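Working notes, structure below.
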Amino acid sequence: MNIPIPAGARWYKFDFHSHTPASNDYGKNSPDQAALKQRTPREWLLDYMHAEIDCIAVTDHNTGAWADELKEALEQLRNETPPTPGFRDLWFFPGVEVTASGGQQGIHILVTFPSEQATTNIDRFLGGLNYAGNKTQNTEMIAGVTALEVCKRAVAAGGVAIPSHVDEPCGLFTVLGNGVDQQNFLDQAPVFAVEVWDRTKPKPQVYIDKKKAWTEVVGSDAHHPSGTPGTSFPGSRFT
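Per the working numbering, the sequence shown runs over residues 199 to 437.
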C-alpha cells in the first residue's frame, strides 16, 4: 500500500474494533437488520471514510471472512477516476475478535494481523483454537482455549492481541476479576494494550498490585453504519 506520508508529526484516528456484515449480529437491535446485513464491502469502507477514520482493524466475531473482500474493494476505490465522493484513503488491518473460553459467554480478544495478511491466514489461526458451538452463528462460537492461550497463539502467528472491552461483559477484567486465571494472564500474556471503554471504572486489584500499566485503546465496536450519540457506529470511538 503506497499512501503518501506527509513530513512532520500528525495524529491518526485508529478504530481498533469494528464489525462487518460477516458478524451474525451486525445490525443488531435494528428493525432494518436484514437490510443492513446486505451492505457491501465498498459501502462499509465508505462509512469509515466519511467518519474520517485513518486506520481500521476489522475484527468480526470468530471469522475473517471479509478480509479479502475489503482489501479488493479498497483497491478498487483507490484506482477509480474520478474518485468516488467521500473517498479518503485509509490503512486496513485484517483481524478477528476471538471468543476465548472463560465465564459463561467467553472472553473477547481482538487479534490484528499485518495489512498484507489475508482471510486464509486468519482461517489458519482460528483453525487451531478448537471451537465449539454453532459455526453458522459466529457470535455463539467459543474457542476451546483460554484467553491466555489465544494471546500466545496470536503473537506466534505474527499478530497483536488486545483484550476487548475489558471493563464490559465478556471483558477480561469483568470475567476473571482477581482470580488465579487473571493472575496467570497478567504474568504470562504477551499483551501490551487493552481496550477500555470507561477509564473511570476501577481496575482489578491484582492488576494494580502487579503494577501493570498496559496502554489503553478503544474502538467503536460498531455493528451499524450510523447512529446517535452514545451508540456504536463508525467514528463514535477511536484511539
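Quick reminder that beta carbons are idealized off the backbone N, C-alpha and C, glycines included.
Computed from a predicted structure; not experimentally measured.
Give me, in chain order, the residues of the same chain whose beta-carbon lies closer than 7 Å to that of proline 402; leave out the 5 immediate sequence neighbours on both sides.
Phe371, Gly375, Asn376, Gln380
Just to confirm the assignment, what range does the beta strand (DSSP E) spanning leucine 327 have?
Run containing leucine 327: none; DSSP gives neither H nor E here.
Can you tell me where the alpha helix (DSSP H) with threonine 372 in it begins and where it stops?
For threonine 372, the enclosing alpha helix (DSSP H) begins and ends at 370 to 374.
Through-space distance from aspartate 419 to serine 228, alpha-carbon basis:
16 Å
Just to confirm the assignment, what range does the beta strand (DSSP E) spanning valine 294 have?
289 to 298
Out of Pro239, Cys253, Pro219, which one is the CA nearest neighbour of phenylalanine 212?
Residue Cys253 is the option with its Cα nearest to phenylalanine 212.
Considering only residues of the same chain and omitting the five flanking positions on each side of asparagine 336, which have a CB-CB separation below 6 Å?
Asn222, His259, Asn260, Thr261
Does the contact criterion of 3 or more C-beta pairs under 8 Å hold for the segment 269 to 284 versus the segment 345 to 362?
no
Let's see if you can read the secondary structure: which residues bound the alpha helix (DSSP H) around phenylalanine 383?
Going by DSSP, phenylalanine 383 is part of the alpha helix (DSSP H) stretching over 378 to 386.
My output table needs one value for alanine 233: the three-state DSSP class, helix, strand or coil.
helix
Tyrosine 246 at chain C interface by Cβ criterion, 7 Å
No chain C is present in this structure, which holds just one protein chain.
Range covered by the beta strand (DSSP E) that runs through valine 415
413 to 415
Just to confirm the assignment, what range does the beta strand (DSSP E) spanning proline 361 have?
358 to 361
With DSSP run on the structure shown, which of helix, strand or coil describes alanine 255?
strand
Here's the rule I'm using: 16 or more other beta-carbon atoms within 10 Å means buried, otherwise exposed. How should isoleucine 360 be labelled?
buried
So, are the CB atoms of threonine 310 and valine 364 less than 7 Å apart?
no
Identify the continuous beta strand (DSSP E) that holds aspartate 213 and give its terminal residues.
212 to 216
By Cβ distance, which residues of its chain are closer than 7 Å to serine 299, with the 5 residues on each side in sequence left out?
Ile340, Ala341, Gly342, Val343, Thr344
Can you tell me whether histidine 306 is helix, strand or coil according to DSSP?
strand
Straight-line Cα distance separating histidine 306 from tyrosine 405
18 Å
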